[in-house]
Amino acid sequence: MIKRFLQVALLLAALTTGASAQSLIRDAEIEYALRKLAQPIFAAAGLNGNHIKILVINDSSLNAFVADNQHMFIHSGLILKLKTAEELQAVIAHEAAHIANGHISRRLSNMRSARTAAGLGILLSLAAGAASGNTTAGTGAAIGAMSTAQRVFLSHTRSEENSADQSGARFMARAGIDPQAMVKVLDLFRGQEAFSSTSRHIDPYALTHPMSRDRLRAVKGYAAAYGPQGKPDPNAGYWYARARGKLGAFIRNPNWGLREARKTSYKDVALMMKAVAYHQMPNVKKALKAVDALVKARPNDPYAHELRGQILLESRKFNAAAAAYAKAVSLAPREALILAGYGHALLAQGNVKKALPVLEKARARDPQDERMMRDLAMAYAKTGNNGMASLATAERYALRGRLIDAALHAKRAAGLLPRGSAGWNRAQDVLRAAQAVAKRR
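Everything in the sequence shown is counted per my numbering, starting at 82 for the first residue and increasing by one.
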């Protein structure tokens with residue numbers, strides 16, 4: 082497992098002294114809504130959507146990129162800036178085309194042939210880290226700031242961009258989505274590029290996705306040539322409203338959430354946004370009133386119960402929070418982030434014995450959630466399993482790029498766990514990852 086993290090992390094994090102960190106927003110409902118929007122695109126591209134995660138970076142700039150064949154990243158600023166589901170699907174289609182056309186595989190091959198990771202200015206620091214306070218949805222991850230070397234590595238050639246544009250437009254048409262939405266997105270980025278050239282602000286998209294008049298002209302031609310085939314998903318607008326609404330309600334001022342809630346035509350989305358906005362103020366009474374109305378409107382929606390659990394948990398109503406998360410888990414037993422939230426609530430409740438297997442299930446499905454890893458280490462420690470506690474801590478540090486700390490805890494775990502056991506082997510993976518990065522520096 083660590084080996085896969087190492088490959089992804091080497092692609093993402095730049096070796097920059099004193100660089101500011103970005104956060105990776107992890108929220109089950111937002112990620113589910115993005116998957117729903119991406120499904121027809123991935124199907125049209127011949128990609129297995131079950132193997133591709135779409136993750137949101139908490140950054141106001143307009144950017145999106147793929148780091149490997151399994152991870153697509155979209156900046157929160159881009160999601161909030163776009164106006165329609167089709168425009169967001171155009172972004173997804175373009176990035177999916179980079180995967181389908183083999184651009185990522187070629188760059189991975191080039192990376193493996195490089196003498197050292199240090200030569201690329203890249204190190205291990207991708208992590209799914211815990212975000213504190215009420216300003217993020219779910220949990221976050223530390224990602225190093227983008228350096229010049231990283232931008233070069235993640236950037237595409239103009240030929241790759243043209244190829245991705247054409248393929249993306251074709252995928253959209255196959256999925257019944259009007260490719261004209263891609264023209265609108267590129268017009269937006271074209272304006273950003275012009276702004277960047279006349280100011281000190283450098284937009285990441287302009288650097289990693291080179292623009293040109295010829296490229297924009299070509300996209301207009303693709304949009305004219307590829308008319309939508311079949312019917313588009315009639316629920317796309319709804320899923321976009323859920324993703325955008327929850328994201329904005331969590332990371333923007335509560336007044337934004339209340340104002341946007343009045344604009345949406347989806348009553349349940351408005352209730353969700355009100356619940357989040359009041360929770361952010363905080364106004365517990367109004368937040369619970371809104372989320373209770375949401376649960377009544379969507380009684381079989383696990384994400385409604387999860388939000389209720391989060392509000393209760395962060396309002397220190399631990400017993401009620403655990404019950405709400407339990408209901409969410411019963412409705413979505415395979416949703417890792419909901420499992421992790423339930424485990425966290427059980428720990429807060431003091432029910433360590435019940436929390437441990439829940440957290441282990443969450444880790445098995447998504448080991449990139451640092452808050453879950455921290456909770457898992459705590460649960461192991463409280464049950465007297467110091468070897469597994471050290472292992473969970475080692476893996477958490479490895480995901481954050483703190484390889485010296487990771488190696489220290491991995492050695493401790495290896496000394497406490499039975500030699501040859503699954504845990505012992507995972508500790509060896511951490512040690513090998515640490516050694517590999519140390520040699521590349």
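Beta carbons: idealized from backbone N, C-alpha and C, even for Gly. In this text, all values refer to a predicted model and were calculated from it rather than measured experimentally.
Residue 484 and residue 507 closer than 8 Å at C-beta: By 1-based counting over the sequence shown, the position of residue 484 is 403. By 1-based counting over the sequence shown, the position of residue 507 is 426. No, the pair does not count as a contact, with Cβ atoms beyond the cut-off.
Three-way DSSP call (helix, strand, coil) for residue 444 in this model: On the sequence shown, residue 444 is found 363 positions in, with the first residue counted as 1. Helix, per DSSP.
Straight-line gap, residue 360 to residue 367 (C-alpha atoms, nearest Å): Taking the first residue of the sequence shown as 1, we reach residue 360 at position 279. Taking the first residue of the sequence shown as 1, we reach residue 367 at position 286. For residue 360 and residue 367, the distance between alpha carbons rounds to 8 Å.
Beta-carbon proximity check, residue 118 vs residue 166, cutoff 8 Å: To locate residue 118, count along the sequence shown from 1; it is residue 37. To locate residue 166, count along the sequence shown from 1; it is residue 85. Contact: yes.
7 Å CB neighbourhood of residue 435 in its chain, flanking five on each side removed: By 1-based counting over the sequence shown, the position of residue 435 is 354. Contacts found: 427.
Backbone CA spacing between residue 294 and residue 170 [nearest angstrom]: Mapped onto the sequence shown, residue 294 falls at position 213. Mapped onto the sequence shown, residue 170 falls at position 89. So the two alpha carbons sit approximately 22 Å from each other.
Residue 515 versus 410, 490 and 409, residue with shortest Cα-Cα distance: In the sequence shown, counting from the first residue as 1, residue 515 sits at position 434. Out of 410, 490 and 409, 490 has the C-alpha closest to the C-alpha of residue 515.
Cβ separation of residue 138 and residue 163, assumed to be a contact under 8 Å, to the nearest whole Å: On the sequence shown, residue 138 is found 57 positions in, with the first residue counted as 1. On the sequence shown, residue 163 is found 82 positions in, with the first residue counted as 1. Their Cβ separation, rounded to whole angstroms, is 15 Å, which puts residue 138 and residue 163 out of contact at 8 Å.
Whether residue 145 touches residue 155 by CB criterion (8 Å): Taking the sequence shown and counting its residues from 1, one reaches residue 145 at position 64. Taking the sequence shown and counting its residues from 1, one reaches residue 155 at position 74. Result yes, Cβ atoms of residue 145 and residue 155 sit closer than 8 Å.
Given 8 Å, three or more beta-carbon pairs between the stretch 404 to 415 and the stretch 383 to 396: yes
Three-way DSSP call (helix, strand, coil) for residue 155 in this model: For the purposes of this step, residue 155 is identified with residue 74 of the sequence shown, where counting begins at 1. Correct three-state label for residue 155: strand.
Inter-residue spacing [alpha-carbon to alpha-carbon] between residue 399 and residue 369: Position 318 of the sequence shown, counting from 1, holds the residue named residue 399. Position 288 of the sequence shown, counting from 1, holds the residue named residue 369. Going by the C-alpha atoms only, they are around 14 Å apart.
DSSP-derived helix/strand/coil call for residue 432: Against the sequence shown, residue 432 aligns to sequence position 351. Three-state result, residue 432: coil.
Inter-residue Cα distance where the pair is residue 297 and residue 168: The residue you call residue 297 lines up with position 216 of the sequence shown. The residue you call residue 168 lines up with position 87 of the sequence shown. Taking the straight line from one Cα to the other gives about 15 Å.
Contact check, residue 469 vs residue 461, beta carbons under 8 Å: As a first step, residue 469 is located in the sequence shown; it is residue number 388 there, counting from the start. As a first step, residue 461 is located in the sequence shown; it is residue number 380 there, counting from the start. It is a contact, given that the beta carbons lie within the stated cut-off.
Nearest residue (CA-CA) to residue 413, options 385, 260, 253 and 240: Residue numbering aside, residue 413 sits at position 332 when the sequence shown is read from its first letter. For residue 413, the nearest C-alpha among the options comes from 385.
7 Å CB neighbourhood of residue 111 in its chain, flanking five on each side removed: Within the sequence shown, numbered from 1, the residue matching residue 111 stands at position 30. Here the set comprises 137, 218, 324, 327 and 328.
In DSSP terms, what residue 146 is bridged to: By one-based count along the sequence shown, residue 146 stands at place 65. In the DSSP output, where bridge partners are listed per residue, residue 146 has 154.
Residue 250 vs residue 310 beta-carbon contact at 8 Å: Within the sequence shown, the letter at position 169 stands for residue 250. Within the sequence shown, the letter at position 229 stands for residue 310. In this structure, residue 310 does not lie closer than 8 Å to residue 250 by Cβ.
Identity of the residue in 181, 330 and 420 nearest residue 160 by Cα: Counting from 1 along the sequence shown, the entry for residue 160 is found at position 79. Measuring from the Cα of residue 160, the nearest candidate turns out to be 330.
Selection from 439, 142, 180 and 374 that minimises the alpha carbon distance to residue 125: On the sequence shown, position 44 is the one that residue 125 refers to. The shortest Cα separation from residue 125 among 439, 142, 180 and 374 belongs to 180.
Three-way DSSP call (helix, strand, coil) for residue 161 in this model: Position 80 of the sequence shown, counted from the start, is the residue given in the question as residue 161. Here residue 161 sits in helix by DSSP.
Residue 155: CB within 7 Å of a non-hydrogen atom of the ligand NAD: As presented, the structure is devoid of all ligands, the ligand NAD included, so that no description of it is given.
Cβ-Cβ distance between residue 177 and residue 143 below 8 Å: Within the sequence shown, numbered from 1, the residue matching residue 177 stands at position 96. Within the sequence shown, numbered from 1, the residue matching residue 143 stands at position 62. Against a cut-off of 8 Å, the Cβ pair of residue 143 and residue 177 comes out as no contact.
Endpoints, beta strand (DSSP E) assigned at residue 131: Translated into positions along the sequence shown, residue 131 becomes position 50. Where residue 131 is concerned, there is no enclosing beta strand (DSSP E), given that its DSSP letter is neither H nor E.
Buried or exposed (CB count within 10 angstroms, at least 16 for buried), residue 225: By one-based count along the sequence shown, residue 225 stands at place 144. Reliability of the predicted coordinates at residue 225 is poor, the pLDDT of 39 falling under 50, and the value obtained from them is presented with this limitation in mind. Buried is the call here.
Where the alpha helix (DSSP H) through residue 387 begins and ends: In the sequence shown, the residue the question calls residue 387 occupies position 306. Looking at the DSSP string, the run of the alpha helix (DSSP H) that includes residue 387 is 383 to 395.
Beta-carbon proximity check, residue 264 vs residue 300, cutoff 8 Å: In the sequence shown, residue 264 corresponds to position 183, counting from 1. In the sequence shown, residue 300 corresponds to position 219, counting from 1. Yes, the Cβ-Cβ distance between residue 264 and residue 300 is below 8 Å.
Of the residues 363, 376 and 509, the one placed nearest residue 352, counting alpha carbons only: Taking the first residue of the sequence shown as position 1, residue 352 is located at position 271. For the set 363, 376 and 509, the Cα lying nearest the Cα of residue 352 is the one of 376.
Same chain only: Cβ atoms within 6 Å of residue 150, ignoring 5 sequence neighbours per side: As a working mapping, residue 150 is identified with position 69 in the sequence shown. Contacts found: 180 and 185.
Residues sharing a beta bridge with residue 498, DSSP: For the purposes of this step, residue 498 is taken as the residue at position 417 of the sequence shown. BP columns for residue 498 are empty, so no partner.
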